[in-house]
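Participant: Residue numbers (this note's numbering): 622 to 874. Note that the Cβ used here is the ideal one computed from N, Cα and C, for glycine as well. Take a look at this one; I'll ask things after.
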């Protein structure tokens, strides 16, 4: 483009100089060059300067790094557990591995899979394990922000009410999560467009509660407890949001 603009400038100067001389003569070669240069310039500008909407944005190493890595620490996505989804073959092999064919659980899982072909029971259970630890520890710590992202409205209100009462009494909970021994799907069904999956979870943890004076009032800081829970998670299969939320809890005897 610089060469074209320079050529235009020279041609313009020669053209103006000849005109200033009283139009004594016409340099048709100069005039032709000037007109041709202008036409070429305009055509190049129309082609090279036009935005079609399909241009790639400039490369940003920081944006690229963020898209390749996890979200920055402290962002709200830190407190959201996306139970893994899959795009595998459209058959019931994975479903039959999770529950015997012909059982109510298998029928429920098949119904969920029919509504959401990305659903995979094994990946779902892996996600439940992560969510379970986050929820249990956040409840002990009184972390309402994390809980809000993982619980349904009703369950969240119940958890927060218990935390509020505990804090009003000046009590504190100290917990240490040891691990999960078992996580098995025991129920599955579609309720309208909502998928509901119940999981039997057996975990081990250390938990103790202290009053406002720091006196132990419940639990044992040295003893590992076995906890048995039945938790139900749900998600609207019509939603683009892939996250499941805890909608019901029940302690198993």
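Alpha helix (DSSP H) containing residue 746: first to last residue?
Facilitator: Residue numbering aside, residue 746 sits at position 125 when the chain shown is read from its first letter. Where residue 746 is concerned, the enclosing alpha helix (DSSP H) stretches over 742–762.
Participant: Count the CB pairs spanning the stretch 816–827 and the stretch 723–737 that are closer than 8 Å, and state whether there are at least three.
Facilitator: The answer is yes - the stretch 723–737 touches the stretch 816–827, with three or more Cβ pairs under 8 Å.
Participant: So does the stretch 857–867 actually touch the stretch 733–753, counting three or more Cβ pairs closer than 8 Å?
Facilitator: Touching, yes.
Participant: Whose C-beta lies closer than 8 Å to the C-beta of residue 841 among residues of the same chain, with five residues either side of it excluded?
Facilitator: Within the chain shown, residue 841 is the residue found at index 220, counting from 1. Counting only Cβ-Cβ distances below 8 Å, and skipping sequence neighbours, we find 827 and 829.
Participant: Starting from the C-beta of residue 800, find all residues in its chain whose C-beta is less than 8 Å away, skip the five residues before and the five after it, and write them out in chain order.
Facilitator: Taking the first residue of the chain shown as 1, we reach residue 800 at position 179. 824 and 825.
Participant: Please report how far the alpha carbon of residue 716 lies from the alpha carbon of residue 745, in whole angstroms.
Facilitator: For this step, residue 716 is matched to residue 95 along the chain shown. For this step, residue 745 is matched to residue 124 along the chain shown. Taking the straight line joining both Cα atoms gives about 11 Å.
Participant: Could you name the residues of the same chain whose beta carbon sits closer than 8 Å to that of residue 721, not counting the 5 residues immediately before and after it, in chain order?
Facilitator: Position 100 of the chain shown, counting from 1, holds the residue named residue 721. If we look at residue 721 and ignore the five residues flanking it on each side, its Cβ neighbours are 727.
Participant: Beta-carbon within less than 6 Å of residue 763's beta-carbon, same chain only, minus the 5 sequence neighbours each way: which residues are those?
Facilitator: Here the question's residue 763 lines up with position 142 in the chain shown. These residues qualify, in order along the chain: 784.
Participant: Leaving aside the five residues before and after residue 668 along the sequence, list all residues of the same chain whose C-beta is less than 8 Å from its C-beta, in chain order.
Facilitator: Within the chain shown, residue 668 is the residue found at index 47, counting from 1. With a pLDDT of 41 at residue 668, under the threshold of 50, the modelled position of that residue is not reliable, and no figure is offered here.
Participant: Once you ignore the five residues that flank residue 807 on each side, which residues in its own chain have a CB closer than 6 Å to its CB?
Facilitator: For the purposes of this step, residue 807 is taken as residue 186 along the chain shown, with counting starting at 1. The residues are 819 and 821.
Participant: Quick check on residue 814: does DSSP put it in helix, strand or coil?
Facilitator: As a working mapping, residue 814 is identified with position 193 in the chain shown. Of the three classes helix, strand and coil, the one that applies to residue 814 here is coil, per DSSP.
Participant: Could you tell me which residues DSSP pairs with residue 848 in its beta bridges?
Facilitator: Here residue 848 refers to the residue found at position 227 when the chain shown is read from its first residue. Answer is 824.
Participant: Compute the distance between the beta-carbons of residue 867 and residue 756, then report whether it is under 8 Å.
Facilitator: Indexing the chain shown from 1 puts residue 867 at position 246. Indexing the chain shown from 1 puts residue 756 at position 135. Their beta carbons are under 8 Å apart, which means residue 867 touches residue 756 by this criterion.
Participant: Would you mind sorting residue 617 into buried or exposed? The rule is 16 or more other CB atoms within 10 Å of its CB.
Facilitator: For the chain, the structure presents residues 622 to 874; residue 617 sits outside this window and is missing.
Participant: What residue range does the alpha helix (DSSP H) around residue 735 cover?
Facilitator: Taking the first residue of the chain shown as 1, we reach residue 735 at position 114. From DSSP, the alpha helix (DSSP H) with residue 735 extends over 725–736.
Participant: Around the Cβ of residue 782, are there at least 16 other Cβ atoms within 10 angstroms (buried) or fewer (exposed)?
Facilitator: As a position in the chain shown, residue 782 is number 161, starting the count at 1. Label assigned to residue 782: exposed.
Participant: My output table needs one value for residue 841: the three-state DSSP class, helix, strand or coil.
Facilitator: Locating residue 841 in the chain shown gives position 220, where the first residue counts as 1. It is coil, neither helix nor strand.
Participant: What's the gap between the Cα of residue 748 and the Cα of residue 810?
Facilitator: The residue labelled residue 748 in the question sits at position 127 within the chain shown. The residue labelled residue 810 in the question sits at position 189 within the chain shown. Rounded to the nearest angstrom, the two C-alpha atoms are 18 Å apart.
Participant: Quick check on residue 618: does DSSP put it in helix, strand or coil?
Facilitator: Examination of residue 618 is not possible in this model, given that the chain is present from 622 through 874 alone.
Participant: Does DSSP put residue 779 in a helix, a strand or coil?
Facilitator: The sequence position of residue 779 within the chain shown is 158, counting from 1. Correct three-state label for residue 779: helix.
Participant: Consult DSSP for residue 785 and reduce its assignment to one of helix, strand or coil.
Facilitator: Indexing the chain shown from 1 puts residue 785 at position 164. Helix.
Participant: With distances taken from CA atoms, which of 778, 792, 773 and 805 is nearest residue 761?
Facilitator: To locate residue 761, count along the chain shown from 1; it is residue 140. Ranking the options by Cα distance to residue 761, first place goes to 792.
Participant: Looking at the secondary structure, which residues open and close the beta strand (DSSP E) in which residue 867 lies?
Facilitator: The count along the chain shown starts at 1 and reaches residue 867 at position 246. Its beta strand (DSSP E) spans residues 866–872.
Participant: Can you check DSSP and say which residues form a bridge with residue 856?
Facilitator: Residue numbering aside, residue 856 sits at position 235 when the chain shown is read from its first letter. According to DSSP, residue 856 bridges with 816.
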